[in-house]
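Residues in the sequence shown are numbered from -14 upward in steps of one, following the numbering used here. By construction, the Cβ of each residue, glycine as well, lies at the ideal position given by its N, Cα and C atoms. Predicted, not measured: the structure shown is a model, and the values here were computed from it. Below: the structure, in structure tokens.
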Amino acid sequence: MDAYYVDKMAGKTEVELLEYFQNHQKYVPAAVLAAVNELQKRGRTFTEAELATLEPERQAVKQAALEEASENTEAEEAEEVPRLYTPSAILGFSVFFSLLFGGILLATNIRQIGNRRGSWAVIGFSLLFMFIEVVVMYQLKRSSTLTVAFNLAGAFILNYYFWPKYVGVQRPYEAKPIWRALLISILIVLPLIVIIALFPPQQ
-14 MDAYYVDKMA GKTEVELLEY FQNHQKYVPA AVLAAVNELQ KRGRTFTEAE
36 LATLEPERQA VKQAALEEAS ENTEAEEAEE VPRLYTPSAI LGFSVFFSLL
86 FGGILLATNI RQIGNRRGSW AVIGFSLLFM FIEVVVMYQL KRSSTLTVAF
136 NLAGAFILNY YFWPKYVGVQ RPYEAKPIWR ALLISILIVL PLIVIIALFP
186 PQQ
């Protein structure tokens, strides 16, 4: 029962309370039921026929409670859906920038859902994978084609091992726009490209 109307009816006289019962069509259903409840607490008895006349009010209050509960549930579910970078975004950043960039996107996702330890595990893996990649590339003295293959393999691990482990395959989410992350990545990578172009490594 609505606490507001319960408190309100507690301060009314019996005559005022009876007015709610006798002309219940004029008043808010919750107020009518609270008035009748207050009368019963004060010792007033009602016949079954009298109480039966209040059935529309009971149904209206019940329906309002169900609708409010449904709205609250929908609002809670909407709030629980996080905004995450998609696996496609993680793949794209891993290939076109480096695995560390894709790893940062996934780590951001994992931190978004409240798992800080999992986010650090992804960052640690990305750094280790990049270190191994650099060592292999240096030893083999291979072209950038092998770099793309490494990054694809790393992105595959991010999306098919770390994502299911820390985000979950069935978790609903809203796709997060990549434009801000893309701009930051370009601002980081572009100066490095300019430096390499101006000062190429000595053979």
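Item to check | Strand pairing of E159, partner residues [DSSP] | outcome: R68
Item to check | Three CB pairs or more closer than 8 Å across the region 113 to 125 and the region 145 to 163 | outcome: no
Item to check | Per-residue DSSP class, three states only, for I95 | outcome: helix
Item to check | Beta carbon proximity, E42 to chain D, threshold 8 Å | outcome: No chain D is part of this structure, which consists of one protein chain only.
Next on the checklist: Counting C-beta neighbours from all protein chains within 10 Å, is the total for F116 16 or more, i.e. buried, or is it exposed?
Outcome noted: exposed
Checklist entry - Can you tell me whether DSSP reads K126 as helix, strand or coil? => result coil
Checklist entry - Between S104 and I95, what straight-line distance do the alpha-carbon atoms span, to the nearest angstrom? => result 5 Å
Checklist entry - Counting Cβ pairs closer than 8 Å, one from the region 13 to 24 and one from the region -6 to 3, do we hit at least three? => result yes
Checklist entry - Taking three-plus beta-carbon pairs below 8 Å as touching, is the region 12 to 21 in contact with the region 40 to 59? => result yes
Next on the checklist: Mapping the DSSP letters down to three states, classify R27 as helix, strand or coil.
Outcome noted: coil
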